[in-house]
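According to this note's numbering, the sequence shown is numbered sequentially starting from 747.
The C-beta atom is built at its ideal place from N, Cα and C for all residues, glycine as well.
Keep in mind it's a predicted model, so treat the numbers as computed, not measured.
Here the structure is laid out as structure tokens; the discussion comes afterwards.
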Amino acid sequence: MEVKFWRVGPGSGIDLAGAKAVHCVRGSGRGSHALVAAGTASLWCVLRGSVEVGSPDGPFRVSRRHFLALPAGAAVRAVGRDGADWVALTVPPAAVAGILRGMGTRRGPGPLLFPAVLPIDRALLRAVVAIARQAGDAPRAAPDILLGGVLQAARDAQAPTREWLARASGRTEGHRRQTVLRLLSARNRILNSPFEGSDLDSLAAAASYSKSHFLRSFRDVFGITPHDLVIQTRMELAKDLIANSDLAISEVAASVGYESRFAFARSFKKCVGLTATRFRQDLADAA
747 MEVKFWRVGP
757 GSGIDLAGAK
767 AVHCVRGSGR
777 GSHALVAAGT
787 ASLWCVLRGS
797 VEVGSPDGPF
807 RVSRRHFLAL
817 PAGAAVRAVG
827 RDGADWVALT
837 VPPAAVAGIL
847 RGMGTRRGPG
857 PLLFPAVLPI
867 DRALLRAVVA
877 IARQAGDAPR
887 AAPDILLGGV
897 LQAARDAQAP
907 TREWLARASG
917 RTEGHRRQTV
927 LRLLSARNRI
937 LNSPFEGSDL
947 DSLAAAASYS
957 KSHFLRSFRD
967 VFGITPHDLV
977 IQTRMELAKD
987 LIANSDLAIS
997 EVAASVGYES
1007 RFAFARSFKK
1017 CVGLTATRFR
1027 QDLADAA
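So this is what it looks like as structure tokens:
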């Protein structure tokens, strides 16, 4: 199978809209970007820096040594941030099926990969580097084994999703995979945009469930309620602001959606185990 390779540098990018072939894009630097056609699956692997990948469930922020798989759906645009070094594969669904058949691998029901940001393990890193090394000045044929190796390594690196599947409701694996996929739409909206659309009505609608069924299924699969995940996500943002800015604690509280510093203080200590002031002091002492 022919794979077209592209390189984009700081401030430049490539529009793959309408492309039917498999593409491997290597991007580097702030502003490097790529637009992927609707109906094309994509895999984003960030080696350094970070990349923001747009989606209907909000912008994913993929940091160093993490990856994101997006199934075929809406068009996707990704932009590299400071120090970004990333590799993206875009694969039409028919090509995925062909690659797996060539490897003698059964795809199974439902999506091959779930839309979740997860760490890149060594096997996936090796597979991504192997195919990225094929890049040159012109398109060239790449063995299916390289593409298959990336897809299989990405599937193995999504080990946490197997625990979600084991806890999901459904008579068959296909039903359980669809359950996880629907719940992930709500989970990703919380993680990507914790200040917007995090109310129960919006999240249940994103998963296409009634509110009661959504709450029960979400807690069963992910081991946390949507409300607690919203708080946890905001506290992670607060920790980042405390560590990397000079904002006063009251300003940090307001930045993560708390009108009351006291409510923020209670939530922060419950999630982190320390007061926000102590957390900042410990960081200063360790510097």
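Can you tell me which residues form a DSSP beta bridge with residue i?
i, result
"Ala787", "Val837"
"Lys750", "His769"
"Pro865", "His812"
"Leu762", "Val782"
For the putative contact between residue i and residue j, defined by C-beta atoms under 8 angstroms, what is the C-beta separation to the nearest angstrom?
i, j, result
"Leu781", "Leu762", "6 angstroms"
"Leu927", "Phe860", "7 angstroms"
"Thr907", "Ala862", "7 angstroms"
"Ala914", "Val967", "5 angstroms"
"Ala900", "Leu870", "6 angstroms"
"Glu798", "Arg807", "6 angstroms"
Please state whether the Cβ-Cβ distance between residue i and residue j is less than 7 angstroms.
i, j, result
"Ser778", "Pro805", "no"
"Ser809", "Ser788", "no"
"Pro817", "Pro865", "no"
"Val837", "Val768", "yes"
"Lys1015", "Thr1023", "no"
"Leu911", "Ile936", "no"
"Ala999", "Arg1007", "yes"
"Arg980", "Gly943", "no"
"Ala784", "Ala820", "yes"
"Asp890", "Ile845", "yes"
How about residue i: is its Cβ closer than 6 angstroms to a heavy atom in the ligand HEM?
i, result
"Leu983", "No copy of the ligand HEM occurs in the structure displayed, which carries no ligand at all."
Is there contact here, the stretch 978 to 990 with the stretch 950 to 966, by at least three beta-carbon pairs under 8 angstroms? no
Tell me, please, whether the stretch 917 to 934 touches the stretch 796 to 805 by the rule of three or more beta-carbon pairs shorter than 8 angstroms. yes
For the structure I just gave you, are there three or more beta carbon pairs, one from the stretch 896 to 911 and one from the stretch 865 to 880, closer than 8 angstroms? yes
Are the stretch 767 to 777 and the stretch 823 to 838 touching by the rule of at least three beta carbon pairs closer than 8 angstroms? yes
List, from N- to C-terminal side, the beta strand (DSSP E) runs of 3 residues or more that fit wholly inside the stretch 774 to 833. 779 to 782, 787 to 794, 796 to 799, 806 to 809, 812 to 816 and 822 to 826
Residue ranges of each beta strand (DSSP E) run of no fewer than 3 residues wholly in the stretch 969 to 994, ordered along the chain? none
In chain order, each alpha helix (DSSP H) run of at least 4 residues that lies wholly inside the stretch 916 to 940: Every alpha helix (DSSP H) stretch that sits fully inside the stretch 916 to 940 and reaches 4 residues is listed by chain position as 919 to 938.
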